[in-house]
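>
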Amino acid sequence: MRILLRFTAIALVVASVGLYFMPRSSTIPQPAFTISLVDPYANEVLEPYRRLRDALLNDDLFILAELADNESGYLAFRAHFALARHPEITAVKRLEHYSQVLELRVDDPLARAERQELYLEVALTAEVNGYIQQALAAYEEALPHPRALDSLERLQDNPYRLSNTLFKARLNRAALNALDGRTAPSIEAPAYRALGEHQAALDAYERWLAEAPDDLDARFGEAWSHFYLGNLDTAERLFAGLQGSSALYGRALIANRTGELDRAVSLLQQSGRASHLWLASGLLEAKDRYQDAIPVYLQLAQTDSVYADDAAYRALVLSKRFNDEAGFLQAETLIPSGSFFALKLGNLPELPSGSQLADEQHPVLELATALARAGNRDAAIGELLFALRDTPDEATAVAIAELLQSLGEYRQSQVAAQVYLSQGSQNLRTWRLAYPRAYPQFVEPEAAKRQLEPELIWAIMRQESAFYPEALSRSNAQGLMQVIPSTWDWLAELQREAPGDPFEPSENIRYGAHYLAWLHNYHSGDLELIITSYNRGQGYIRRLFEGPIVNRDKDEFYREIDALETREYLQKVVVNYRLYKALYQGETQQTAEASR
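First residue of the sequence shown: 17, per the numbering used here; consecutive thereafter.
#1: Which class does Gln346 belong to by DSSP, given the choice of helix, strand or coil?
#2: Could you name the residues that DSSP lists as bridge partners for Leu488?
#3: Touching or not, the stretch 493 to 512 and the stretch 563 to 581, by the rule of three or more beta carbon pairs under 8 Å?
#4: Along the chain, where does the alpha helix (DSSP H) that runs through Pro162 open and close?
#5: Count the other C-beta atoms from every protein chain shown that fall within 10 angstroms of the C-beta of Asn551, then say buried if there are 16 or more, exposed otherwise.
#6: Taking only three categories from DSSP, how would you classify Val322?
#7: Hey, could you find the ends of the alpha helix (DSSP H) Gly398 is sitting in?
#8: Among the candidates Thr412, Phe243, Glu460 and Ala317, whose CA atom is the shortest distance from the CA of Ala290?
#9: Starting from Val380, follow its DSSP beta bridges and name the residues at the other end.
#10: Going by DSSP, name the residue or residues bridged to Val499.
#11: If I measure Cβ to Cβ from Val590 and keep anything under 6 Å in the same chain, skipping five residues before and after, which residues do I get?
#12: I'd like to know whether the C-beta of Gly541 is nearer than 8 Å to at least one C-beta of chain D.
#13: Looking at the structure shown, is Leu468 part of a helix, part of a strand, or coil, going by DSSP?
#14: Mind checking Pro39: buried by the 16 CB within 10 Å criterion, or exposed?
#15: Alpha helix (DSSP H) containing Thr250: first to last residue?
#16: So, is Val435 buried or exposed, given that buried needs 16 or more other C-beta atoms within 10 angstroms?
#17: In the structure shown, what three-state DSSP assignment does Thr446 receive?
#18: Among residues of its own chain, excluding the 5 on either side of Arg330, which ones have a beta-carbon nearer than 6 Å to its beta-carbon?
#19: CB-CB under 6 Å to Ala415, same chain, minus the five flanking residues each way: which ones, in chain order?
#20: Does the contact criterion of 3 or more C-beta pairs under 8 Å hold for the stretch 284 to 303 versus the stretch 258 to 270?
#21: State the CB to CB distance for the pair Leu68 and Ala100, rounded to an integer number of angstroms; the pair is presumed to be in contact (CB under 8 Å).
#22: Can you have a look at Thr412 and say buried or exposed, based on whether 16 or more other CB atoms are within 10 angstroms of its CB?
#23: Does Asn74 come out as helix, strand or coil in the three-state DSSP assignment?
#24: Just to confirm, is the Cβ distance from Ser321 to Ala309 under 8 Å?
#25: When you compare only the Cα positions, how much space is there between Asp340 and Ile351?
#26: Just mark Pro364 as buried or exposed, buried being the case when its beta carbon has 16 or more other beta carbons within 10 Å.
#27: Quick check on this structure: which residue in Pro201, Pro564, Tyr208 and Lys360 has the alpha carbon closest to the alpha carbon of Asp231?
#28: Give the C-beta separation of Phe638 and Gln494 to the nearest angstrom, bearing in mind that I take them to be a contact with Cβ-Cβ under 8 Å.
#29: Under a three-way DSSP split, which group does Thr181 fall into?
#30: Among Arg490, Gln511, Ala482 and Glu509, which one has its Cα closest to the Cα of Met497?
#31: CA-CA distance, Ser41 and Ala396?
#32: Please name the residue in Gln587, Ala92, Met477 and Gln372 whose C-alpha comes closest to that of Asn443.
#33: Counting C-beta neighbours from all protein chains within 10 Å, is the total for Glu523 16 or more, i.e. buried, or is it exposed?
#34: At which residues does the alpha helix (DSSP H) containing His292 begin and terminate?
#35: With a threshold of 6 Å on Cβ separation, who are the neighbours of Leu62 within its own chain once the five nearest residues in sequence on each side are excluded?
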């Protein structure tokens with residue numbers, strides 16, 4: 017029995033070496049421990065991991081260093097991480113190992129919290145051992161974390177350098193406070209402007225221009241400050257002395273404020289920037305000049321921008337309304353295939369019906385499978401992720417990604433498949449990996465319980481978090497379904513329970529599904545209103561949809577949603593939903609029925 021407990025303890029020690037890009041192991045239910053008479057690492061392919069396990073258990077720094085130096089990929093990463101955290105190693109060596117960890121790790125733009133925590137760990141190690149410059153560099157990387165801010169304010173003795181660092185991290189108030197009355201107009205001016213304190217910004221811009229009269233940032237900042245302060249004549253004169261789309265935009269806004277609509281539209285069209293053309297069309301529609309807006313929409317529809325498909329569809333709607341056959345035909349040709357608006361017109365996307373990929377036998381597949389069988393799921397996923405990052409061809413990437421998804425990792429595997437979709441892949445396996453039925457053990461029961469389609473949950477999840485369970489947005493939306501804390505607490509109240517853990521996949525999916533079911537009842541099952549409400553809030557969406565401008569007209573609704581983010585969100589989620597329905601064609605329903 018002593019031997020059996022030793023094997024269990026070994027497995028727990030190995031599993032304790034964490035990953036900053038890994039989902040929680042609790043996403044796949046596992047037994048607490050397994051009693052076996054056979055060492056789970058008694059497999060030739062697992063020999064390096066057996067050595068890692070034993071080195072961790074026996075605190076053998078020599079073997080850990082040997083593994084870090086001689087192995088590659090994920091195993092080296094694990095060894096470097098263990099050494100970086102070992103208190104008996106010199107600070108210089110620990111920092112060297114941390115440097116290797118940072119270089120080797122699989123980075124993810126959604127893993128902001130994990131990245132900040134890692135840099136805080138590095139910074140603290142450097143600081144307590146007296147390596148202040150390395151600590152400062154790591155704390156800067158950990159911004160805007162409050163602990164990093166506090167540490168920088170404590171350690172950085174150069175107020176100008178501190179202020180500039182905080183300004184670059186968009187901590188504008190902290191950047192101004194760091195100056196403590198000192199002058200640095202190139203920091204002060206844009207910081208005050210970002211805070212909406214336009215008189216203070218103008219004063220700083222004027223000091224900046226006194227030092228550098230030809231600086232374009234300062235000249236534009238001065239003009240915009242006058243505009244926001246209502247000094248329109250001065251702002252017009254200053255913008256007129258500048259060139260480019262920003263100057264034309266400023267002059268257009270002034271013209272609109274002074275009632276010169278045609279001049280405003282002309283300036284916006286001269287700018288040619290997509291957001292400016294969208295504004296021009298909106299200004300014309302606000303004055304009921306719909307037919308004049310059509311050519312502006314057609315101009316915008318021919319740009320390479322996120323507004324192009326919206327503009328093409330709006331041109332089509334208005335051309336039909338005013339019997340403009342030429343405009344209608346031109347707009348119709350400009351609606352991108354596979355887009356939300358193409359779906360609205362009944363043009364379904366063509367999906368591959370099979371796969372031409374050969375079955376690949378990459379060595380990492382055998383290693384990962386052996387690790388998973390040995391109970392080390394985190395290492396299995398880590399090895400696959402490291403291999404996926406370096407895989408040059410679609411067939412191998414698909415084989416690795418399929419094994420990843422079978423182990424419950426959907427984020428990086430989906431990202432890898434999406435790359436091949438963007439390159440024109442016509443392989444069904446790749447498409448399904450890009451649109452995975454993630455966490456089915458949680459999604460399908462919750463969908464059935466709440467009479468929702470699981471495809472809707474997956475479509476929302478794909479857009480919200482790209483299947484990353486630790487996702488944390490700048491607005492503090494959390495987890496797979498990206499629920500903000502206030503909504504999370506409200507959903508807990510609705511379910512008459514204490515708030516659960518938003519980063520636990522089962523809990524996050526349950527709360528997200530509950531909210532979708534609530535929205536389903538609130539909007540009487542209208543899919544588009546449910547989706548937009550999930551992003552923007554049901555109150556705003558209902559007021560807009562039922563208000564006098566939209567008057568329950570969906571074509572007006574698509575144009576009048578005031579946030580680009582919400583318009584794009586609606587379109588992407590609906591396309592996701594339709595693709596899920598097409599890719600799996602009833603398989604999800606068959607799975608749900610078979611599990612009953």
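A virtual CB, placed ideally from N, CA and C, is assigned to each residue, including glycine.
Note that this is a predicted model, so its numbers are computed, not measured.
A quick look at the data gives this:
#1: helix
#2: Gln494
#3: no
#4: Pro162 to Leu171
#5: buried
#6: coil
#7: Arg393 to Arg405
#8: Ala317
#9: DSSP, once it has assigned bridges, lists no residue as partnering Val380.
#10: Gln494
#11: Phe356
#12: In the displayed structure, chain D is absent; only one protein chain is listed.
#13: coil
#14: Residue confidence for Pro39 is low, a pLDDT of 41 falling below 50, so the modelled location carries little weight; the figure read from the coordinates is stated next. With 16 or more other Cβ atoms within 10 Å, it is buried.
#15: Leu248 to Ala256
#16: exposed
#17: helix
#18: Tyr313 and Arg575
#19: Glu376
#20: yes
#21: That belief does not hold up - the Cβ atoms of Leu68 and Ala100 are roughly 15 Å apart, past 8 Å.
#22: buried
#23: helix
#24: no
#25: 17 Å
#26: Contrary to the premise, residue 364 reads as Leu rather than Pro in this sequence. That one is exposed.
#27: Pro201
#28: Because the chain spans 17 through 612 in this model, residue 638 falls outside it and cannot be assessed.
#29: helix
#30: Ala482
#31: Because Ser41 carries a pLDDT of 41, less than 50, the predicted location of this residue cannot be relied on, and the following value inherits that uncertainty. Cα to Cα, Ser41 sits roughly 12 Å from Ala396.
#32: Gln372
#33: buried
#34: Ala290 to Ala302
#35: Ala386
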